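Note sheet for the following structure.
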Amino acid sequence: MRRSVRALALTAVLALTLAACGGDEVDDTTDDTTDETTEDTEDTEDTEDTAEDGEDTAEDGDGAEDGDAAAELELVSDGTLTVCSNVPFEPFEFEDPDAPSGYSGFDIDLMQAIADANGLELEVINTGFEGLTSGAEMAAGTCDVAASAITITEERAANVDFTEPYYSAIQSLLVPVGSDITSIDDLVEGASVGVQSGTTGADYAEENVPGAEIVAFEGSGDLFTALEAGSIDAILQDEPVNATRAAEDDGVEVIETYDTGEDYGFATDQDRGDGLIELLNTTIEELRDDGTYDEIFDGYFG
């Protein structure tokens, strides 16, 4: 019986010993698995970090390409796109002390977006309109580009290079509310119509208002002052400008519009060989594609 008890005791000790050995093997296996998992996780993180670095490098490369294109430009002022505009001509250009350049408007906001996209500052210089359409301001080195609701015409294209069209315009007739003039046909002898000199509105008046006196003014602001003072009976000019005035002044109204099939373009000196026109066209297309153009357009024209 004592031998049986001893045998049972030995068996129990042996079982405990084997169990203990087995437990060590499980722990070792678990430790090895944990080490491998940790190493795999670190490898994955390293791979992700490398991929992110690659993406950042690619994005930086895109910016470098834009910068390289702008760096090739022979600008009036290094690092700055200098724009000439005949201000005011709302909603295309008007003074705005809160804007980075001191000016806003559809033209100016587009120019700001173009400058930003190419890593450039924007400076706006207020000049006369005819110096822009003749190319004199750009040729004199006053500015790099003209942005002033300039209609593309063959006559002007003989003096400046135009970008692709960025806006389509029509003409219109603005009169005081209650005026006897209800259409362009009422502009007969004894009546007077104001136009801005050197514009397609002036050309349209010359061709379609043979009876009334046509009075030319240097700027759009002068036209509104003359109409308010009673010096002229009507204003014939681009519809968005007259419409903006009518929206701000309930004493005037647009009574007619005329589809003249006009397109606006930004203008540069013809002797440029630095690729500015190409950069402007490319950037405008990019602004159309990414929705920036539509956002600016809707802000002014709805």
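Under numbering that gives the first Met the number 0, read the sequence shown as residues 0 to 301, first letter to last.
Every residue gets a Cβ at the ideal spot worked out from N, C-alpha and C, and that includes glycine.
Values in this document were obtained by computation on a predicted structure and should not be read as measured data.
Secondary structure of residue i, DSSP reduced to three states
{"i": "P175", "result": "strand"}
{"i": "L186", "result": "coil"}
{"i": "Y299", "result": "helix"}
{"i": "A139", "result": "coil"}
{"i": "D288", "result": "helix"}
{"i": "I276", "result": "helix"}
{"i": "D248", "result": "coil"}
Outcome for residue i when other beta-carbon atoms lying within 10 angstroms are tallied against a minimum of 16
{"i": "G290", "result": "exposed"}
{"i": "S182", "result": "exposed"}
{"i": "P96", "result": "exposed"}
{"i": "T199", "result": "buried"}
{"i": "R155", "result": "buried"}
{"i": "T150", "result": "buried"}
{"i": "N241", "result": "buried"}
{"i": "R287", "result": "exposed"}
{"i": "T308", "result": "Outside the shown range of the chain (0 to 301) lies residue 308, about which nothing can therefore be said."}
{"i": "E38", "result": "With a pLDDT of 46 at E38, under the threshold of 50, the modelled position of this residue cannot be trusted; read the value that follows with caution. Exposed, since its Cβ has fewer than 16 Cβ neighbours within 10 Å."}
{"i": "A157", "result": "exposed"}
{"i": "F93", "result": "buried"}
Where the beta strand (DSSP E) through residue i begins and ends
{"i": "T259", "result": "V251 to Y263"}
{"i": "G193", "result": "S191 to Q195"}
{"i": "V214", "result": "E212 to F216"}
{"i": "T267", "result": "A266 to D268"}
Range of the contiguous alpha helix (DSSP H) that encloses residue i
{"i": "N232", "result": "Residue identity differs from the one stated: residue 232 is Asp in this sequence, not Asn. It is not in any alpha helix (DSSP H) - D232 carries neither H nor E in the DSSP assignment."}
{"i": "T132", "result": "E129 to T132"}
{"i": "T199", "result": "T199 to N207"}
Any alpha helix (DSSP H) of 4 or more consecutive residues that is wholly inside the segment 53-126
105-116
Could you tell me which uninterrupted beta strand (DSSP E) segments, each at least 3 residues in length, are contained entirely in the segment 141-172, listed from first to last along the chain?
159-161
On the three-pair Cβ rule with 8 angstroms, is the segment 154-170 touching the segment 210-230?
no
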